[in-house]
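Peer 1:
Protein chains in written order, with my numbering: chain U, 2 to 374; chain Y, 126 to 432.
#1: Classify residue 326 of chain Y as buried or exposed, calling it buried when 16 or more other Cβ atoms lie within 10 Å of its own Cβ.
#2: Closer than 6 Å by C-beta to residue 355 of chain U: which residues in its own chain qualify, once you throw out the five before and the five after it? Chain order, please.
#3: What does a CB cutoff of less than 6 Å around residue 367 of chain U pick up in its chain, not counting 5 residues either side in sequence?
#4: Contact between the stretch 225-243 of chain U and the stretch 179-191 of chain U is defined here as three or more beta-carbon pairs at a separation below 8 Å; is this criterion met?
#5: For the candidate residues Y:336, Y:141, Y:239, Y:200, whose alpha-carbon lies nearest to that of residue 399 of chain Y?
#6: Please state the DSSP three-state secondary structure of residue 208 of chain Y.
#7: Please report whether the beta-carbon of residue 194 of chain Y lies at a distance below 8 Å from any beta-carbon of chain U.
#8: Look at the alpha carbon of residue 299 of chain U and the alpha carbon of residue 268 of chain U, and state the distance between them as a whole number of angstroms.
#9: Just reading off the beta strand (DSSP E) that residue 441 of chain U is part of, what are its end residues?
#10: List the residues of chain Y that residue 219 of chain U touches, going by C-beta distances under 8 Å, in chain order.
#11: I want to verify the contact list: residues of chain Y whose CB lies under 7 Å from the CB of residue 369 of chain U, in sequence order.
#12: Against chain Y, with Cβ distances strictly below 8 Å, would residue 134 of chain U count as a contact?
#13: Classify residue 135 of chain Y: buried if its beta carbon has 16 or more other beta carbons within 10 angstroms, exposed otherwise.
#14: Do residue 353 of chain Y and residue 257 of chain Y have their C-beta atoms within less than 8 Å of each other?
#15: Assign residue 115 of chain U to buried or exposed, taking buried as 16 or more other Cβ atoms, counted over all protein chains shown, within 10 Å of its Cβ.
#16: To which residues of the same chain is residue 188 of chain U closer than 7 Å at the C-beta, ignoring the five residues directly before and after it?
#17: Alpha carbon to alpha carbon, how far is residue 157 of chain U from residue 163 of chain U?
#18: Below 8 Å, how does it come out for the stretch 355-362 of chain Y and the stretch 188-202 of chain Y: are there three or more Cβ pairs, yes or no?
#19: Is the distance from the Cβ of residue 312 of chain U to the Cβ of residue 121 of chain U below 8 Å?
#20: Report the three-state DSSP secondary structure of residue 174 of chain U (helix, strand or coil).
#21: My output table needs one value for residue 121 of chain U: the three-state DSSP class, helix, strand or coil.
#22: Is the shortest distance between the beta-carbon of residue 295 of chain Y and the beta-carbons of chain U less than 8 Å?
#23: According to DSSP, simplified to helix, strand and coil, what is residue 261 of chain U?
#24: Inspect the beta-carbon positions of residue 124 of chain U and residue 361 of chain U and report whether they are closer than 8 Å.
#25: Could you give the uninterrupted runs of the alpha helix (DSSP H) lying entirely in the stretch 190-240 of chain U, keeping only those of 4 residues or more?
#26: Assign residue 426 of chain Y to one of three DSSP states: helix, strand, or coil.
#27: Put residue 133 of chain Y into one of helix, strand or coil per three-state DSSP.
#28: Pull up the distance between the alpha-carbon of residue 150 of chain U and that of residue 160 of chain U, whole angstroms please.
#29: Looking at the ligand FAD, does it come within less than 7 Å of residue 279 of chain Y, judged from the CB to the closest heavy atom?
#30: Under 9 Å between beta-carbons, which chain U residues line up against residue 391 of chain Y? List them in chain order, please.
#31: What runs of the alpha helix (DSSP H), each 4 residues or longer, lie entirely inside the stretch 318-364 of chain Y?
#32: Between the stretch 370-383 of chain Y and the stretch 330-342 of chain Y, do at least 3 Cβ pairs fall closer than 8 Å?
#33: Give me, in chain order, the residues of the same chain whose beta-carbon lies closer than 8 Å to that of residue 343 of chain U; leave out the 5 immediate sequence neighbours on both sides.
#34: Looking only at DSSP bridge pairs, what is residue 248 of chain Y linked to?
#35: Which residues in chain Y have a C-beta closer than 9 Å to the C-beta of residue 288 of chain U? List them in chain order.
#36: Please identify the residue among Y:253, Y:338, Y:280 whose C-alpha is closest to the C-alpha of residue 315 of chain Y.
And the structure:
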C-alpha cells in the first residue's frame, strides 16, 4: 500500500509538472509579449523624464541599429533601447503605444493599419537582399537563374538540376542530374516575405496558388529555422537550394546565384546592386516592396526595412522634446547613419530613397505642426 | 512562590498561544501556495480558450481535421501537426522503452550501488539536464547525416531530416525520465519477495520476470507516461531536425511538423489576428492532448495497482 501511494504521489507530482512544462512551451511567447508590453508601458511613462527612446521590432535590422544607436549616443548622449522581438511584435507594441518607434520588414497590412487607428509613417532605414544559395560541388561557375526558374523550382515543377530550363540559361556549365532539394524558412520572417512577394510578382501561378507572407504554405521543400537552419540544409545536401539573407551569405562564404532582373541583366547580389534596386521612382509614402525592380543594375530580390512612428507625435502626454529627439534620430540615420551599413553588409538607401525618407520625416507633426523644418 | 508559579504559567500560555498562531500562519501559507498553483493552471487554460475564441468561431471543428495550413489565405488546419506530434512522440516512446527498462533493471537490481552504478546513474541524469537546443544542433550535424546514409541504403528519399530523425532525438531525451523512475521502483521491490522466489529455486532471470517486473510495473509505466509528456511538448530540438513542412507525412522518413514547433516558429511574425488566434488554438489542442493522455495513463496505472 505504501509503495502504491508513493508511486502515485511521485507520478502525479511529476506529471503535473510535465503538463505545466508543455503548456509553458506553447504559450511563453504570448505571455512574454504581454509582460514585455506592460513593462514598457511603465518605463515609457517614466521614460519621458529621462532621455531614453524605446523601440522594438525586426531582428533583421538589429545589428545595424545597435551600431547606429551606439554612435548616435556618443554624438548626442541620447539613449535608445531597441528590442529585437520580430516585426510583428514591434507593430503590436507600437499599436499599444508602449514604444516610441517600431521597425518592420514589411509595410503594415490593412488589418494592422486599422488597429493603429491613426496615420503611421514608414521611414525606410536600409535595404537588404535575399540570395539564392545552392550546393552543387561539381559546378565551379556562378550559376545563373531566371525568375521563371526560381518560381518553378519552388513550385516543385523543376526537380532535377540538369533540367533543360536551367541548362538553357547556363550554357557551358555541366549540370549534374542531382535532385533539387528546396529549403525554405520554417519560422515566420521578413526574408520570406520579401522572397514570396518577389515570386508573386514574377509568376502568376505562384501568386494564385501560394501568395506572399511571412509564412506561406510551401508546395515543396524542407523548412529550416532561421538563416542558419536553411543554410544548414543546403550545406548538408548536394543539390540543395534555398534563400538566405545576403549579409549571412557573405559572412559565411556561401555560393549564390546571379539572378536575372526585369531589364534582362544577370545581377550578382551585393551591396551596390541592392542599393541600386531602390534607386527608382518610389511612392511618396515609401510603402512598396522593391522586389523585381525596374533599375537596370538593381538586384531583383530585395526589400526595405521601415521604422514606424505615429505621424501625430502628441499622444500619451509625450513631450515635444521627446518627439523632436525621435525625429532628429531618424534624420541622422537616413543621412550620416548610412555610413555604418556597408561594414555590416546592409545596403545603404539609394539617393531616391533618401529623398523620399526626408519628405516623410517632414510630414511628422506635433499638435499639427511640422516637427522638422 | 505562588507568584513565581503564576509567572511561569503565564509564560507557558503565552508561548503556546504564539505557537498556535505560528502553526496557523504556516498552514495558511501552505494552503495559499498550493492554491496559487491551481489558479495558475486554470488561468492558463482560460487564457488559451479566450485567446483562441476567434479562431474557434471562424474555423470550428475544421481546425482539427483540416489538412492545409496556409496563413496567406487564412486557412488553418492542424491535422498534419497533430499527427506529427503523436507520431514523433509515440515512435520515440517505443524506441526508448527497451533502453529505459533495461537500464532500470540493471541499476535497480544488478548494480544498485558502487562507483560504476553511481557513474551510470549520473550520466543518465545528465542526459535530462542538457538543454534541448544542444540536442537539436547535435541532431542536425551528427544524427541527420547518419540517418541520410541509412535512407540511401534502404532506398527512400534521402532527406535526412524528418519524423524519424526527430523521434531518435526525442528517444535520447526521454530515456532518463522512465529509467530514473523505473530504477527507484525496481529497488523498492521487497527483498523478502525476491528471497522467497530464490528459495523456491528461481533463477535471477525468473525472479526479474515473475517477481520484480510484475511488482514494479505500475511504476515503470508511470515513468513511460512521464517521458511521453516530455516528448509531446518538446519544441526546439524537434524543430531543428523535423523538416517543418505542413504536409501529412507519407512515411516515417518524410519531413513533417509538430504542434509545438509550429507555435515556436510562427508566433513572432504572425500578422493577422486570426492567424495569431489559430496558433494559440494549437496550444490549446496540445494542452488537451497532454491532459487526455495523462488521464488515460492514470486509469491504466490504477488498474495495474489494484489488481
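Backbone N, C-alpha and C fix where the C-beta goes; we use that ideal spot for every residue, glycine too.
For clarity, every value in this text was computed on a predicted model and none was experimentally measured.
Peer 2: Answer, in terms of the structure:
#1: Counted from its first residue, the second chain places residue 326 of chain Y at position 201. Classification for residue 326 of chain Y: exposed.
#2: Within the first chain, residue 355 of chain U is the residue found at index 354, counting from 1. Excluding sequence neighbours, residue 355 of chain U sits near 335.
#3: As a first step, residue 367 of chain U must be located in the first chain, where it is residue number 366. Contacts found: 314, 315, 321, 324.
#4: yes
#5: Residue mapping note: residue 399 of chain Y aligns to position 274 of the second chain, counting from 1. Among Y:336, Y:141, Y:239, Y:200, the Cα nearest to that of residue 399 of chain Y is on Y:200.
#6: Stepping through the second chain from its first residue, residue 208 of chain Y is reached at position 83. Residue state, collapsed to three classes: helix.
#7: Taking the second chain and counting its residues from 1, one reaches residue 194 of chain Y at position 69. At least one chain U Cβ lies under 8 Å of residue 194 of chain Y.
#8: Within the first chain, the letter at position 298 stands for residue 299 of chain U. Within the first chain, the letter at position 267 stands for residue 268 of chain U. So the two alpha carbons sit approximately 7 Å from each other.
#9: In the structure as shown, chain U starts at 2 and stops at 374, and residue 441 of chain U therefore has no counterpart that could be examined.
#10: Mapped onto the first chain, residue 219 of chain U falls at position 218. The contacting residues are 370, 371.
#11: If you number the first chain from 1, residue 369 of chain U lands on position 368. Ordered by position in chain Y, no residue passes the 7 Å Cβ test against residue 369 of chain U, which lies about 31 Å from the chain.
#12: Position 133 of the first chain, counted from the start, is the residue given in the question as residue 134 of chain U. Chain Y, which has no Cβ nearer than 8 Å to the Cβ of residue 134 of chain U, makes this no.
#13: Within the second chain, numbered from 1, the residue matching residue 135 of chain Y stands at position 10. Under this definition residue 135 of chain Y is an exposed residue.
#14: The residue given as residue 353 of chain Y occupies position 228 in the second chain. The residue given as residue 257 of chain Y occupies position 132 in the second chain. Cβ distance not < 8 Å, so residue 353 of chain Y and residue 257 of chain Y don't count as in contact.
#15: For the purposes of this step, residue 115 of chain U is identified with residue 114 of the first chain, where counting begins at 1. Under this definition residue 115 of chain U is an exposed residue.
#16: In the first chain, residue 188 of chain U corresponds to position 187, counting from 1. Only 226, 227 meet the Cβ criterion.
#17: Here residue 157 of chain U corresponds to residue number 156 of the first chain, with the count starting at 1. Here residue 163 of chain U corresponds to residue number 162 of the first chain, with the count starting at 1. Cα to Cα, residue 157 of chain U sits roughly 15 Å from residue 163 of chain U.
#18: Counting Cβ pairs under 8 Å, fewer than three are found: no touch.
#19: In the first chain, counting from the first residue as 1, residue 312 of chain U sits at position 311. In the first chain, counting from the first residue as 1, residue 121 of chain U sits at position 120. Their beta carbons are under 8 Å apart, which means residue 312 of chain U touches residue 121 of chain U by this criterion.
#20: As a first step, residue 174 of chain U is located in the first chain; it is residue number 173 there, counting from the start. Three-state DSSP puts residue 174 of chain U in coil, outside helix and strand.
#21: Taking the first residue of the first chain as 1, we reach residue 121 of chain U at position 120. Strand.
#22: Along the second chain, one-based indexing puts residue 295 of chain Y at 170. No, because no Cβ of chain U sits closer than 8 Å to the Cβ of residue 295 of chain Y.
#23: In the first chain, the residue the question calls residue 261 of chain U occupies position 260. Note: residue 261 of chain U maps to strand in three-state DSSP.
#24: Residue 124 of chain U sits at position 123 when you count from the first residue of the first chain. Residue 361 of chain U sits at position 360 when you count from the first residue of the first chain. The answer is yes: Cβ separation under 8 Å.
#25: 191-203, 205-210, 227-237
#26: Taking the first residue of the second chain as position 1, residue 426 of chain Y is located at position 301. Helix at residue 426 of chain Y.
#27: As a first step, residue 133 of chain Y is located in the second chain; it is residue number 8 there, counting from the start. Residue state, collapsed to three classes: helix.
#28: Within the first chain, the letter at position 149 stands for residue 150 of chain U. Within the first chain, the letter at position 159 stands for residue 160 of chain U. Approximately 11 Å between the Cα atoms of the pair.
#29: Absence of the ligand FAD is noted for the structure shown, with no ligands found whatsoever.
#30: For the purposes of this step, residue 391 of chain Y is taken as the residue at position 266 of the second chain. Within chain U, 187, 188, 189, 215, 216 have C-beta atoms less than 9 Å from the C-beta of residue 391 of chain Y, given in sequence order.
#31: 329-332, 338-358
#32: no
#33: Counted from its first residue, the first chain places residue 343 of chain U at position 342. These residues qualify, in order along the chain: 272, 349.
#34: In the second chain, residue 248 of chain Y corresponds to position 123, counting from 1. Answer by DSSP bridge pairing: none, since residue 248 of chain Y is not bridged.
#35: Indexing the first chain from 1 puts residue 288 of chain U at position 287. Correct list: empty, because the minimum Cβ distance to chain Y is about 15 Å.
#36: Looking up residue 315 of chain Y in the second chain gives position 190. Out of Y:253, Y:338, Y:280, Y:338 has the C-alpha closest to the C-alpha of residue 315 of chain Y.
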